[in-house]
Amino acid sequence: MTEFAPIDAGVVSRLASDIESNGYAVVQNFFSPEQLELAREYIRSETSKHHQEYFSIHGVEAMEGSLLANLSASTTFRQFLADLYEKATGAQPSNAERIFPVIRCLQGKSGLKESHFYHFDATAVTALAPVFIPTEGEHCGDLIMFPNMRPLRSSAVVNIMEKAILHNTLSQKLTAMAVKRGVLKPITIKLVPGNLYLFWGYRSLHSNDQCNPEHLRATGLYHFGNPHRDSSLARIFLGKNKRKAKLNHDGLRPQA
Ligand SMILES: O=C(O)CCC(=O)C(=O)O
Ligand SMILES: [Fe+2]
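For the sequence shown, the working numbering assigns the number 142 to the initial residue and increments by one for each residue that follows.
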């Protein structure tokens with residue numbers, strides 16, 4: 142299994158302060174060229190099964206054996222995200238907290254529908270590993286973000302209400318329209334495969350720009366540290382993606 146080097150405390154502090162002041166931080170060349178190629182081989186083989194249309198893969202088991210799954214299972218990577226979580230929240234994550242990985246592949250017309258889909262993540266820390274990013278054309282699937290728009294809520298109910306207001310179809314369409322017309326001005330981040338992008342997913346309303354349906358845009362997302370993990374209300378009202386993927390609250394397949 143590929144090993145990932147630990148990231149030292151000084152670097153974690155710098156990354157956290159970049160996220161606070163710029164909305165995001167970058168670890169350049171996080172993947173070696175060989176690791177990036179391994180991730181690409183896996184995505185290529187999955188892509189060929191999906192008839193040039195959008196697909197996503199949720200949870201470490203569904204992507205087992207791939208480099209992107211190995212990263213999710215890496216104890217050094219978990220430690221890195223846990224250190225960032227501590228910077229974000231001032232508290233250590235629960236020992237039971239696991240990284241929830243998602244692979245998203247935008248291609249074809251269905252890929253367009255999955256773009257400009259503005260949301261807050263359930264987790265405090267989000268790491269994004271771009272694997273394929275189009276380089277030609279007006280739209281290359283940039284990450285679009287309103288950074289650090291809200292604080293971490295101590296109340297799960299407030300979080301649920303904010304999500305109800307912003308995550309419905311009407312609000313999402315209005316936000317997308319306002320961004321496209323230049324009424325709202327988020328930051329846009331050009332993604333470079335091999336780098337790792339970090340942001341406070343819970344606090345930042347974000348989505349990706351569209352790209353040409355002929356081109357493939359593939360990203361690995363690593364979500365870590367749900368501040369409301371013990372709230373039963375949050376379990377009932379949120380966590381739709383895991384439910385849809387038939388995964389339990391920890392992002393794993395329920396034991397038979
Ligand atoms: O693919 C991307 O760039 C962002 C996706 C995202 O924000 C998510 O899956 O939570
Ligand atoms: Fe997200």
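Here a beta-carbon is modelled for each residue, glycine too, at the ideal position from N, C-alpha and C.
{"query": "Which residues mark the beginning and the end of the alpha helix (DSSP H) in which Arg384 is found?", "result": "381-385"}
{"query": "Over what stretch of residues does the alpha helix (DSSP H) that includes Val398 continue unbroken?", "result": "Nothing in the structure corresponds to residue 398, since the chain is present only between 142 and 397."}
{"query": "On the criterion of 16 or more Cβ atoms from any shown chain inside 10 Å, does Leu311 qualify as buried, or is it exposed?", "result": "exposed"}
{"query": "So, helix, strand or coil for Thr310, using DSSP?", "result": "helix"}
{"query": "Given Ile160, which residues of its chain have a CB within under 7 Å of its CB, disregarding the five upstream and five downstream residues?", "result": "Ala166, Leu339, Phe340, Trp341"}
{"query": "Quick check on Leu269: does DSSP put it in helix, strand or coil?", "result": "strand"}
{"query": "What is the DSSP secondary structure of Tyr183, reduced to helix, strand or coil?", "result": "helix"}
{"query": "Give me, in chain order, the residues of the same chain whose beta-carbon lies closer than 6 Å to that of Phe287; leave out the 5 immediate sequence neighbours on both sides.", "result": "Pro327, Leu346"}
{"query": "For His356, which residues from the same chain have a beta carbon less than 6 Å from its beta carbon, with the 5 sequence-adjacent residues on both sides left out?", "result": "Pro275"}
{"query": "Given Gly215, which residues of its chain have a CB within under 6 Å of its CB, disregarding the five upstream and five downstream residues?", "result": "For the sequence presented, residue 215 should be read as Ser rather than Gly. The residues are Phe145."}
{"query": "Measuring alpha carbon to alpha carbon, tell me which of Lys314, Glu175, Asn382 ends up nearest Leu209.", "result": "Glu175"}
{"query": "Taking the alpha helix (DSSP H) that Tyr226 belongs to, which residues open and close that run?", "result": "216-230"}
{"query": "Classify Gln242 as helix, strand or coil using the three-state DSSP reduction.", "result": "Correcting the residue type first, residue 242 is Pro in the shown sequence and not Gln. The answer is strand: DSSP assigns Pro242 an E or B state."}
{"query": "Return the residue from the list Val153, Arg155, Ile301, Glu194 that minimises the CA-CA distance to Leu247.", "result": "Glu194"}
{"query": "Taking the CB atoms as reference points, tell me whether Ile184 and Ser213 lie closer together than 8 Å.", "result": "no"}
{"query": "So who's on the other strand from Gly361, going by DSSP bridges?", "result": "Ile244, Ala270"}
{"query": "For His347, which beta-bridge partners are listed by DSSP?", "result": "His260, Met286"}
{"query": "Between the segment 361-369 and the segment 263-273, can you find at least three pairs of beta-carbon atoms closer than 8 Å?", "result": "yes"}
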